[in-house]
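Residue numbers (the working numbering): 589 to 898. For each residue, glycine too, the CB sits at the ideal point set by N, CA and C. Please read the structure below before turning to the comments.
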């Protein structure tokens with residue numbers, strides 16, 4: 589228990605939840621944020637490169653992951669519209685959670701943030717993860733891995749032995765992180781978020797096969813690179829039941845979107861946010877025909893007004 593206190597613990601303030609939302613009873617929704625903090629700052633001051641809604645069915649243990657594309661054009665909760673990723677730098681996890689809740693009709697109250705160095709540590713401690721690397725990804729993976737090491741962005745690596753061929757292979761920590769960063773291939777940033785969810789799933793599956801002692805060692809090594817609102821009791825409860833959980837689905841949001849260079853920069857603009865939110869609730873909670881709240885409808889209309897995209 590004392591070891592868990594080495595984590596950066598964050599007490600959240602007022603969490604926004606839209607009036608009249610429903611359909612998520614029996615599910616626990618946790619926000620997962622990945623930050624690239626060279627200074628080690630986890631709670632604010634840096635954009636969230638990864639934004640994932642982790643929805644846990646408390647009855648079955650089924651987990652569904654929904655990536656929100658970091659450049660998605662959304663309401664920052666105060667009527668200012670911009671990229672979703674910017675909320676973390678502006679107001680940390682609290683503002684980011686409120687942004688997700690307000691724009692997507694969610695009821696998230698907790699979060700976990702990891703510095704990307706935690707990915708390297710986790711994968712190495714687990715003995716690597718198997719990933720099918722394509723020819724297109726190979727050059728970019730090696731390039732990013734070299735950069736990570738040469739710029740001293742990862743610990744415990746001073747040299748790099750590049751991958752020489754495509755195909756399914758066991759990636760070490762720096763290779764797994766480099767794989768997560770690839771974006772200049774077919775699918776661009778949308779494919780990048782898919783890779784991130786794939787690596788998260790592989791880490792989760794490998795962790796499930798570890799004994800209690802090995803799992804405790806893994807968590808202990810990663811603690812300095814984690815910030816969370818979860819209590820020690822909640823963390824221990826989730827860890828104790830890890831064998832009962834299964835990641836059953838992984839999606840990217842918004843489903844229907846386009847890219848546009850607007851006042852907020854080069855953004856991913858939802859084509860009718862309300863329709864996208866309705867589909868999200870169907871996928872996460874099985875709520876077919878979900879009617880978004882008045883708040884989401886208003887945001888959806890404002891996005892159309894601001895961008896002309898509908």
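Distance from the CA atom of residue 648 to the CA atom of residue 822, rounded to whole angstroms, is 18 Å. Looking at the DSSP output, residue 653 sits in a beta bridge with 642, 838. Excluding its 5 nearest sequence neighbours in each direction, residue 669 has C-beta neighbours in its own chain below 8 Å: 661, 662, 663, 852, 890, 891, 894, listed in chain order. For the pair of segments examined, the region 608 to 618 was found not to touch the region 790 to 809: the number of CB pairs separated by less than 8 Å stays below three. In the displayed model, residue 741 falls within coil according to three-state DSSP, outside both helix and strand. The continuous alpha helix (DSSP H) containing residue 783 extends over residues 776 to 796. Spatial neighbours of residue 830 in its own chain (CB-CB distance under 6 Å, excluding positions within 5 residues in sequence) are listed in chain order as 796. Residue 636 and residue 674 have their C-alpha atoms spaced approximately 7 Å apart.
Between the beta-carbon of residue 760 and that of residue 712 there is about 6 Å, and that keeps the pair under the 8 Å contact cut. Sequence-distant Cβ neighbours of residue 654 in its own chain, meaning closer than 6 Å and more than five residues away, are 641, 839, 841. Counting of Cβ neighbours within 10 angstroms places residue 682 among the buried residues, the total reaching 16 or more.
The region 730 to 744 and the region 703 to 712 touch, with three or more beta-carbon pairs separated by less than 8 Å. Counting C-beta pairs with one atom in each stretch, the region 599 to 609 and the region 779 to 790 have fewer than three that are closer than 8 Å, which means they do not touch.
The straight-line gap separating the alpha-carbon atoms of residue 826 and residue 896 is approximately 44 Å. Relative to the Cα of residue 751, the nearest Cα in the group 738, 739, 724, 777 belongs to 724. Ranked by how close their Cα comes to the Cα of residue 886, the residues 656, 794, 860, 613 have 860 in first place. Cβ-Cβ distances below 7 Å link residue 629 to nothing in the same chain once the five nearest sequence neighbours on each side are left out. Contact check for residue 659 against residue 849 fails: the beta carbons are separated by 8 Å or more.
Taking the Cβ atoms as the reference, residue 631 lies roughly 14 Å from residue 624, outside the contact range of under 8 Å. A straight-line Cα-Cα distance of about 8 Å links residue 733 and residue 765.
In this structure, DSSP gives residue 874 a state outside helix and strand, which the three-state scheme calls coil. Here residue 690 is actually not in contact with residue 879; their C-beta atoms are around 16 Å apart, not less than 8 Å. The beta carbon of residue 876 lies closer than 6 Å to those of 870 in the same chain, with the five residues before and after it left out. Secondary structure note for residue 710: its alpha helix (DSSP H) is the uninterrupted segment 705 to 713. The beta-carbon distance between residue 833 and residue 651, rounded to whole angstroms, is 6 Å. This is short enough to meet the 8 Å contact definition. Taking C-beta separations shorter than 6 Å and ignoring five residues to either side along the sequence, the partners of residue 769 in its chain run 732, following chain order. Only exposed fits residue 844, as fewer than 16 other CB atoms lie within 10 angstroms of its CB. Rounded to the nearest angstrom, the gap between the Cα atoms of residue 753 and residue 726 is 7 Å.
Ranked by Cα distance from residue 762, the first of 704, 692, 666 is 704.
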